[in-house]
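According to this note's numbering, the sequence shown is numbered sequentially starting from 165.
Contents: one structure, followed by commentary.
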Amino acid sequence: MAGLLRRPRFMLPAAGVLLLCLLAMFPSAFSGWFGHGDPRQCSLDNSGLGPRSGHPFGFDVQGCDLYSNVIYGARSSLSIGVLTTILTLVVAVVLGSLAGFFGGITDTMISRVMDVFFGFPTLIGMIVVLQAFAVHSVLSVSLVLTLFSWPVLTRVMRAAVLETRSLDFVAAARSVGAGPLRILARHVIPNSLTPVAVLAGLNIGAVITAEAGLTFLGVGLKAPAISWGIQLNTAQQYFTEHLNLLLFPALFLSAAVLCFVLLGDALRDAFDPEGR
Numbered sequence: 165m166a167g168l169l170r171r172p173r174f175m176l177p178a179a180g181v182l183l184l185c186l187l188a189m190f191p192s193a194f195s196g197w198f199g200h201g202d203p204r205q206c207s208l209d210n211s212g213l214g215p216r217s218g219h220p221f222g223f224d225v226q227g228c229d230l231y232s233n234v235i236y237g238a239r240s241s242l243s244i245g246v247l248t249t250i251l252t253l254v255v256a257v258v259l260g261s262l263a264g265f266f267g268g269i270t271d272t273m274i275s276r277v278m279d280v281f282f283g284f285p286t287l288i289g290m291i292v293v294l295q296a297f298a299v300h301s302v303l304s305v306s307l308v309l310t311l312f313s314w315p316v317l318t319r320v321m322r323a324a325v326l327e328t329r330s331l332d333f334v335a336a337a338r339s340v341g342a343g344p345l346r347i348l349a350r351h352v353i354p355n356s357l358t359p360v361a362v363l364a365g366l367n368i369g370a371v372i373t374a375e376a377g378l379t380f381l382g383v384g385l386k387a388p389a390i391s392w393g394i395q396l397n398t399a400q401q402y403f404t405e406h407l408n409l410l411l412f413p414a415l416f417l418s419a420a421v422l423c424f425v426l427l428g429d430a431l432r433d434a435f436d437p438e439g440r
């Protein structure tokens, strides 16, 4: 860990991720730096106006401060990214461990289900399932994204468990009479988590992009929720006249995804045994 803290490739994206998390947790503090701090204080008299003093990003078509909306949009987008990744990680650890450790019919059943999801058109599946939800909230969107995200991490976890279960310390645990569940929980899973945990960091960026894409298509979060995807969905009708409506949410979204991807790459390089 100390070595990571001396690497700019790790520290720069880590600082960016930390700043994004602070934006999501304390949006009112950041939105008040340059604007009035209230994304729902709107006036049609300001509709579409460009940047000016106290409103560095200008106003949207409803006359709401765009800077405050972009800052508050970080909460929904990052919440979905983190919640989806946590849920996906839990599913992957459970199913990947069972498939890799017990093998046989358990492995076959889980692997065949994964194959079904790998062969299914993901975007169409997400759109169809989301249409079944009456309310499109952070939780419902996260559940749908988890439904189509777990197979990749599960396959990685399965491969790691297959490698770990054949190591000497697992054989030693069996020789002293430890049961399969105890071996799995105490020895196999803790020593198999590194590759899937590193991949989870990369997954957050992918989930944020997927949420923005679904919301842009009109099937993700809905107003009055505030997210970068909703802002981009609105901007598609007006960006030829008001470029700021598209530019600033897109910049924040791209910066967030880039930070998580670079952080995941740095962690992967640090924990890759072949790269040491």
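Heads up, the beta-carbon is just placed ideally off N, CA and C, and yes, glycines get one too.
Whether residue i touches residue j by CB criterion (8 Å)
i: Leu317; j: Ala364; result: yes
i: Phe194; j: Ser211; result: no
i: Gly382; j: Asn367; result: no
i: Ser232; j: Ala188; result: no
i: Ala337; j: His351; result: yes
i: Val334; j: Thr328; result: yes
i: Phe297; j: Ser306; result: no
i: Ala374; j: Leu309; result: yes
i: Leu441; j: Ala420; result: Coverage of the chain is limited to positions 165 through 440, which leaves residue 441 absent and any answer about it impossible.
i: His300; j: Gly384; result: yes
i: Pro177; j: Cys423; result: yes
Three-state secondary structure assigned by DSSP to residue i
i: Asp202; result: coil
i: Leu183; result: helix
i: Arg173; result: helix
i: His351; result: helix
i: Asp429; result: helix
i: Phe223; result: strand
i: Arg216; result: strand
i: Gly439; result: Low confidence applies here, because Gly439 scores a pLDDT of 45, under 50, leaving its location unreliable; read the following figure in that light. Correct three-state label for Gly439: helix.
i: Leu331; result: coil
For residue i, the nearest candidate out of the options (CA to CA)
i: Ala456; options: Ser241, Pro191, Ala178, Gly227; result: The question about residue 456 has no answer, for the chain in this structure spans 165 to 440.
i: Gly180; options: Ala238, Val293, His300; result: Ala238
i: Gly428; options: Ser192, His219, Ile235, Thr249; result: Thr249
i: Gly260; options: Gly245, Ser356, Pro191, Ser391; result: Ser356
i: Leu294; options: Val255, Leu378, Arg173, Pro191; result: Leu378
i: Ile235; options: Phe424, Leu422, Trp392; result: Trp392
i: Pro354; options: Val325, Ala342, Leu422; result: Val325
i: Leu213; options: Phe282, Leu409, Met273; result: Leu409
i: His406; options: Gln226, Ile274, Thr358; result: Gln226
i: Leu345; options: Val258, Cys228, Arg216, Met175; result: Val258
i: Ile274; options: Phe284, Leu262, Pro285, Ile372; result: Leu262
i: Ile394; options: Gly218, Met175, Val254, Leu230; result: Leu230
i: Val255; options: Ile288, Arg322, Pro215; result: Arg322
i: Phe380; options: Asp332, Leu287, Val340; result: Leu287
i: Gln205; options: Pro388, Gly283, Ala342; result: Pro388
i: Thr358; options: Leu182, Asp433, Asp209; result: Asp433
i: Pro220; options: Asp209, Trp197, Tyr402; result: Trp197
i: Ile372; options: Phe282, Gln400, Leu348, Val425; result: Val425
Supposed close pair residue i, residue j - CB separation, criterion 8 Å
i: Cys228; j: Pro203; result: 6 Å
i: Leu251; j: Val302; result: Wrong, their Cβ atoms sit about 12 Å apart, outside the cutoff.
Any chain C beta carbon closer than 8 Å to residue i
i: Leu287; result: The question asks about chain C, but that chain is absent: this structure has only one protein chain.
Cβ contact (3+ pairs, closer than 8 Å) linking the segment 307-323 and the segment 274-281: With a cut-off of 8 Å, the segment 274-281 and the segment 307-323 count as touching, because enough Cβ pairs lie within range.
The segment 264-273 contacting the segment 409-420, beta-carbon criterion three pairs below 8 Å: no
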